[in-house]
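Quick notes on the structure that follows.
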Amino acid sequence: MARHEARALVVRELVAEHGVLSRRLAQLQQRVGDQLQASARRQAALDGENIRLRGELVRMRTAVAWDLRSAALVPRAATGPRGLAPRIAPGLLEAQAVICQTGCAGHAHPWLEPDGQCRRTGQACDRLEDEAVSTAARGTGPSDPA
């Protein structure tokens with residue numbers, strides 16, 4: 038009889054352990070399901086934002102290509118953390134300076150607005166004096182021997 042009771046005790050422990058493991062598995066499945074749903078919602082929101090931004094980019098490029106100066110079509114400056122004006126990479130700062138010095142003249146479409154804003158970047162152009170521009174163009178500086 039002792040052997041039968043010991044066996045019954047082992048079976049009860051196994052059943053109890055199985056119950057605990059089954060409940061834990063159910064909790065984990067619920068948690069993973071919730072995470073998958075949250076991830077799907079985030080992905081849908083990102084897809085919607087991507088489509089909206091791509092549409093806005095097409096609209097802005099079209100406005101620039103057709104030289105449409107309407108404020109509703111071409112934003113002039115960045116607005117908020119997701120501003121629309123392109124940022125200038127550090128390696129392109131010198132090129133930006135040259136472009137600003139030439140008056141932001143593009144092919145048949147000047148980039149420089151009458152108020153000094155560059156339509157290409159949405160920022161104000163920093164223009165040097167004519168003497169500094171001509172000196173820079175010749176490759177000689179004030180300390181360089183001529």
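The opening position of the sequence shown corresponds to residue 38 in our numbering, with each subsequent residue numbered one higher.
For each residue, glycine too, the CB sits at the ideal point set by N, CA and C.
Keep in mind the model is a prediction, meaning the values are calculated, not measured.
Item	Value
Outcome for isoleucine 136 when other beta-carbon atoms lying within 10 angstroms are tallied against a minimum of 16	buried
Cβ-based neighbour list, glutamate 150, same chain, cut-off 7 Å, excluding 5 preceding and 5 following	Arg156
Cysteine 137 - DSSP class collapsed to helix/strand/coil	helix
Residue span of the alpha helix (DSSP H) that contains arginine 156, given as start and end	From DSSP, arginine 156 is part of no alpha helix (DSSP H); its letter is neither H nor E.
Burial state of threonine 99 (16 or more Cβ within 10 Å)	exposed
Those residues which DSSP pairs with leucine 46 across a bridge	BP columns for leucine 46 are empty, so no partner.
Inter-residue Cα distance where the pair is valine 69 and glutamine 80	16 Å
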